[in-house]
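K.L.:
Residue numbers (my numbering): 245 to 505.
Mind looking over this structure? Questions follow.
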Ligand SMILES: NC(=O)c1ccc[n+]([C@@H]2O[C@H](COP(=O)([O-])OP(=O)(O)OC[C@H]3O[C@@H](n4cnc5c(N)ncnc54)[C@H](O)[C@@H]3O)[C@@H](O)[C@H]2O)c1
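Encoded structure:
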């Protein structure tokens, strides 16, 4: 088969994007809008049900097809309901984007001091949440003969020098394990590791004038910050026929963050 740009199209596909309805300018919102632009029906899922509904409305106003669903990815029952709602609304699931996570709300605690409750809370959302979603969606993908899973990790895992980084590195491990175990079922599993992204959460975490950003400006190869929309092209490749032969990979979309000396 020769290459065609149509390989990036997602017409007839159903995508579930978690963490897509929380803050106004979020990466999940950009992902949901991008998937809809490529033709997919999108289930916009978030702990914030009103925010999820608002992003689904925005997709509808742009001529796309979407449903907003309130979900707690840390609760397996809630995730099973999400899968059932997706299947009821659109007939199945082809694509799962595990984007929801705790980041801006986390304190930079020392590993030797963090309480086990806080450690477990972070892991339950950032790692187990993605596992819960995979467990609920993969049976639906199997019914469609295959699927795509994209896990949102972070440049903050390369190297992991924070509790957040540990959680994202564990999610890399879930990515390679699922890729290995689901490959023969035609399910691609990959990860995107964004650099410092100008979502509302990203700007809250590291404002433009913060010493961390100034420090990075001196060391990142190309450009420290990228906009949520700059991640969408990679997502569409991983979710479409264009990326059919890619599995178990971490795509670093970060202007050279991982190359810093
Ligand atoms: N902004 C950055 O610089 C950056 C960089 C690398 C990776 N990331 C990752 O990208 C993702 C999106 O980040 P963002 O900047 O858009 O932040 P964000 O805070 O806007 O998005 C996270 C979303 O996850 C949702 N969420 C949290 N807990 C949940 C739960 N239990 N169930 C369902 N939803 C839940 C929140 O409501 C929120 O909408 C996160 O996984 C983050 O770790 C962000």
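Where is the CB? At the ideal position from N, CA and C, for every residue including glycine.
Does any heavy atom of ligand 1 sit closer than 7 angstroms to the C-beta of residue 317?
P.N.:
The answer is yes for residue 317.
K.L.:
Any chance the segment 448-465 sits against the segment 247-254, with 3 or more Cβ pairs inside 8 angstroms?
P.N.:
Cβ pair count under 8 angstroms is below three, so no.
K.L.:
Would you tell me roughly how many angstroms separate the C-alpha atoms of residue 445 and residue 267, rounded to the nearest one?
P.N.:
Each residue's alpha carbon lies about 7 angstroms from the other.
K.L.:
Let's see if you can read the secondary structure: which residues bound the alpha helix (DSSP H) around residue 407?
P.N.:
Residue 407 -> alpha helix (DSSP H) spans 407-426.
K.L.:
Got a sec, what are the start and stop residues for the beta strand (DSSP E) residue 495 sits in?
P.N.:
Residue 495 -> beta strand (DSSP E) spans 494-497.
K.L.:
Leaving out the 5 sequence neighbours to the left and right, which residues in its chain are closer than 6 angstroms to residue 269 when beta-carbon positions are compared?
P.N.:
Same-chain partners within the cutoff: 443 and 444.
K.L.:
With hydrogens ignored, establish whether the beta-carbon of residue 421 is closer than 7 angstroms to any heavy atom of ligand 1.
P.N.:
Residue 421: no, Cβ never under 7 angstroms from ligand 1.
K.L.:
Report buried or exposed for residue 328, applying the criterion of at least 16 other Cβ atoms within 10 angstroms of its Cβ.
P.N.:
Exposed.
K.L.:
On the premise that residue 401 lies in contact with residue 412, defined as a C-beta separation below 8 angstroms, what is that separation, rounded to the nearest angstrom?
P.N.:
Yes, they are in contact, since the Cβ atoms of residue 412 and residue 401 sit about 4 angstroms apart, within 8 angstroms.
K.L.:
Have a look at residue 472 and residue 441 and give me their C-alpha separation to the nearest angstrom.
P.N.:
So the alpha carbons of these two residues sit roughly 6 angstroms apart.
K.L.:
With C-beta atoms as the reference, is residue 415 less than 8 angstroms away from residue 370?
P.N.:
Result yes, Cβ atoms of residue 415 and residue 370 sit closer than 8 angstroms.
K.L.:
Taking 7 angstroms as the cut-off, is the C-beta of residue 250 nearer than that to any heavy atom in ligand 1?
P.N.:
False, no ligand heavy atom lies under 7 angstroms from that Cβ.
K.L.:
What residue does the alpha helix (DSSP H) around residue 378 start on, and which one ends it?
P.N.:
It spans 373-387 - the alpha helix (DSSP H) in which residue 378 sits, taken as one unbroken run.
K.L.:
Assign residue 364 to one of three DSSP states: helix, strand, or coil.
P.N.:
Three-state result, residue 364: helix.
K.L.:
Taking all protein chains shown into account, do 16 or more other C-beta atoms lie within 10 angstroms of the C-beta of residue 285, making it buried, or fewer, making it exposed?
P.N.:
That one is buried.
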